[in-house]
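Before any comments, here is the structure.
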Amino acid sequence: MEFTEAYKQTGPCCFSPNSRYLAVAVDYRLVIRDVLSLKVVQLFSCLDKISYIEWALDSEYILCGLYKRPMIQAWSLTQPEWTCKIDEGPAGIAYARWSPDSRHILTTSEFQLRLTVWSLVNTACIHVQWPKHASKGVSFTQDGKFAAICTRRDCKDYINLLSCHTWEIMGVFAVDTLDLADIEWSPDDSAIVIWDSPLDYKVLIYSPDGRCLFKYQAYESGLGVKSVAWSPCGQFLAVGSFDQMIRVLNHLTWKIFAEFMHLSTLRGPCSAAVFKEVDEPLQLDMSDLRLSDDFIQGNSENAPEGHFRVRYKVMELPISLPSQKPPADKPNPKQGIGLMSWSKDSQYLFTRNDSMPTVIWIWDISHLELAAILVQKDPIRAAAWDPTCSRLVLCTGSSHLYMWSPSGAYCVSIPLPQFTISDLKWNLDGSSLLLKDRESFCCASVPMLPDSGEDSSDD
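Just add 275 to the spot in the sequence shown (first one is 1) and you have the numbering used here.
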């Protein structure tokens, strides 16, 4: 891997959908860099510090959320002189997002009073009253033709289906939830999954015409659903719960076909490899060096305690995994499946049980078994799959990057002084990684896996 030098950042950073540009917030300035050279190609000045940035899907426009104002500013890469400013006045702006056509911006006001669709073409705007959430509760179909927006009125939750062409409401139907948490279209646009708040375990599958296709409730007493994720192929729906289990539904019958438990002790027989991060002292062969006694005595007091390199050690079973019990008298317990994501080919699923924050579990869906466990020294800050293959990258707030693929796991040391990775993001073409420190960032070029891509053939 090759790493760039560190550059300043003070907020959000993200790659463009076409993988050509990198947007970086530096105080009130929006810096657009070329991905290959990291040279500045555009520089925009906002009216306040940038809290949020999001690219339009066509990579031509980008919006900046200035939530302290509160205000939205949008910019064009092809027309630098073009500007757009959105201000809701006393209603404020809690969140903003692009529509799939890259020509409309959806904003949610403070206190969820209304959701507004702003047109960049004719300056028209359309309002949807009483959106359920600010940043959640809105989902678009994969083809970009329809939007599902959650609203709440008269103490009931509703789904509003809108056409993304005319922004007319195509239909409204009530859903059987006490306090709807979020919504997401299936990858094939044939169904909508809705799940309730953690206080009531309920996962509902609806058709776009409002018919309830399936209702799932694993248990009644106790905290319920914590995370939900569709597989990219659309055949599987993974549901992570506070009971530290993953349940996977199939898209044909909507029945559970796999349940994965996250136990604090792992025993055999088990085909999974357990990789544990360890510090290994560097062994330097100094037998051929001849130093004077005066030099050795003069430097003995200032000698470092020892140099170490980080690596993974394959552990034998049984093994006890580090875990912590959340206090019973505090809200929002750190327990249950808080982090979960599918690989691009839908074969692997990684999970993190929040009561074991230093452990990543990787499940093989094709064999319905545990594929690997990564045990880190520090809590896992972020993890993400390679967009092009089954390669997982994670960070823990240290100066190392950790990777796993079906062929094994390894650690990569960052060659930048005092650079600790607190967050990471993939470029959509899988060629590079964005690594964020507290006030700086760098990029890393990632080599292609030997068994991925057309160039890996034996010809």
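Built from N, CA and C at the ideal position, the CB exists for glycine as well.
Check your understanding: For the stretch 498–561, which segments carrying the beta strand (DSSP E) assignment without a break, of at least 3 residues, lie completely within its bounds, in sequence order?
Key -> Segments of the beta strand (DSSP E) lying fully in the stretch 498–561: 500–505, 511–516, 520–525, 531–536 and 548–556.
Exercise for review: Over the uninterrupted beta strand (DSSP E) stretch that includes T383, give me the two end residues.
Suggested key: Unbroken beta strand (DSSP E) run through T383: H379 to T383.
Exercise for review: Determine the contact status of E591 and C686, defining contact as a CB-CB distance below 8 Å.
Suggested key: no
Review point. Three-state secondary structure (DSSP) at P725?
Key: coil
Point to revise | Residue from I637, P654, H642 and A603 whose Cα sits closest to the Cα of P597 | key: Checked all of I637, P654, H642 and A603; the closest Cα to P597 is P654.
Review point. Going by Cα to Cα distance, which pick from A657, M678 and G672 is closest to S665?
Key: Ranked by Cα distance from S665, the options A657, M678 and G672 are led by M678.
Review point. Can you name the start and end residues of the beta strand (DSSP E) that Y327 belongs to?
Key: Y327 to W330
Review point. So, using beta-carbon positions, are W617 and T626 closer together than 8 Å?
Key: no
Check your understanding: Where P507 and L557 are concerned, what is the direct C-alpha to C-alpha distance, given to the nearest angstrom?
Key -> Distance between the alpha carbons of P507 and L557 is about 43 Å.
Check your understanding: Since I307 contacts L341 with CB under 8 Å, what's their CB separation in whole angstroms?
Key -> About 17 Å; that fails the 8 Å criterion.
Review point. Quick one: what's got a C-beta closer than 6 Å to V702's C-beta in the same chain, skipping five residues either side?
Key: A quick correction: the sequence has Asn, not Val, at residue 702. Hits under 6 Å: F290 and S294.
Practice item. Give the single residue among A647, K652, P681 and P662 whose Cα lies nearest to the Cα of C670. Key: K652
Review point. Helix, strand or coil: how does DSSP classify P406 here?
Key: For P406, the three-state secondary structure derived from DSSP is strand.
Exercise for review: Check the DSSP bridge columns for A371 and list the partner residues they point to.
Suggested key: T382
Point to revise | Cβ-Cβ separation, T391 to K407 (assumed contact under 8 Å), whole Å | key: Actually they are not in contact, since the Cβ atoms of K407 and T391 sit about 15 Å apart, beyond 8 Å.
Point to revise | Rounded straight-line distance, which links the Cα of Y303 to that of R713 | key: 17 Å
Check your understanding: At what residues does the beta strand (DSSP E) containing V634 begin and finish?
Key -> Note, V634: beta strand (DSSP E), V634 to D639.
Review point. What is the DSSP secondary structure of Q387, counted as helix, strand or coil?
Key: helix
Review point. Should P601 and S630 be called a contact, given that it needs their Cβ atoms to be closer than 8 Å?
Key: yes
**Study point:** Uninterrupted beta strand (DSSP E) stretches inside the stretch 612–681 (no shorter than 3 residues)
**Key:** 612–617, 623–628, 634–639, 644–650, 657–660, 667–670 and 675–680
Point to revise | DSSP state of G364 mapped onto helix, strand, coil | key: helix
**Study point:** Which of helix, strand or coil DSSP assigns to Y342
**Key:** Judged by DSSP in its simplified three-state form, Y342 adopts coil rather than helix or strand.
Exercise for review: From the DSSP output, in three-state form, read off G412 for me.
Suggested key: coil
Practice item. Could you tell me the distance, in whole angstroms, from the CA atom of E729 to the CA atom of E277? Key: Note that E729 scores 39 on pLDDT, short of 50, meaning its location in the model is unreliable and no value can be drawn from it.
Point to revise | Euclidean distance between Cα positions of F421 and E280 | key: 42 Å
Check your understanding: In whole angstroms, what separates the C-alpha of P690 from that of L313?
Key -> 18 Å
Review point. In three-state terms, what does DSSP make of S397?
Key: Note that residue 397 is Asn in the sequence shown, not Ser. N397 falls in the coil class under three-state DSSP.
Review point. Straight-line CA distance for L708 to I380?
Key: About 28 Å.
Review point. Which word fits I467, buried or exposed, when buried means at least 16 other C-beta atoms lie within 10 angstroms of its C-beta?
Key: buried
Review point. Which residue's Cα is closest to the Cα of G446: S482, C717, D471 and G412?
Key: Comparing Cα-Cα distances from G446 to each of S482, C717, D471 and G412, the minimum goes to S482.
Point to revise | Counted within 10 angstroms of its Cβ, other Cβ atoms place V299 as buried (16 or more) or exposed | key: buried
**Study point:** Cβ-Cβ distance between Y623 and A684 below 8 Å
**Key:** With a cutoff of 8 Å on beta-carbon distance, Y623 and A684 are scored as not near each other.
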